[in-house]
């Protein structure tokens, strides 16, 4: 929904490193830890954050963007 997108945009730069780091210790998966942390900040949109994307898709495209 537009409300979900607005919520994601509102928190796009609010990276919650502490939550992601704690979650990674539990699940040992860096991408899913950040997905979880973003979902904590965006509870209404957490169900669509990683929708249809694999972890490699997220990681590989991030690598290309920062090159």
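In my numbering, the protein residues as written are 4 to 70. Quick reminder that beta carbons are idealized off the backbone N, C-alpha and C, glycines included.
Check                                                                                                                                   : Outcome
Under 8 Å, with one C-beta from each stretch per pair, do the stretch 11–25 and the stretch 54–65 reach the 3-pair mark?                : no
If you reduce the DSSP assignment to three classes, tell me which class residue 16 lands in.                                            : coil
Could you tell me whether the Cβ atoms of residue 43 and residue 30 are closer together than 7 Å?                                       : no
Any idea if residue 58 is buried or exposed, counting beta-carbon neighbours within 10 angstroms, 16 or more meaning buried?            : exposed
If we ignore side chains and look at the alpha-carbon of each, how far apart do residue 6 and residue 39 end up?                        : 19 Å
Apart from the five residues on each side of it in sequence, which residues of its chain come closer than 7 Å, Cβ to Cβ, to residue 33? : 27
Return the residue from the list 60, 20, 63 that minimises the CA-CA distance to residue 36.                                            : 20
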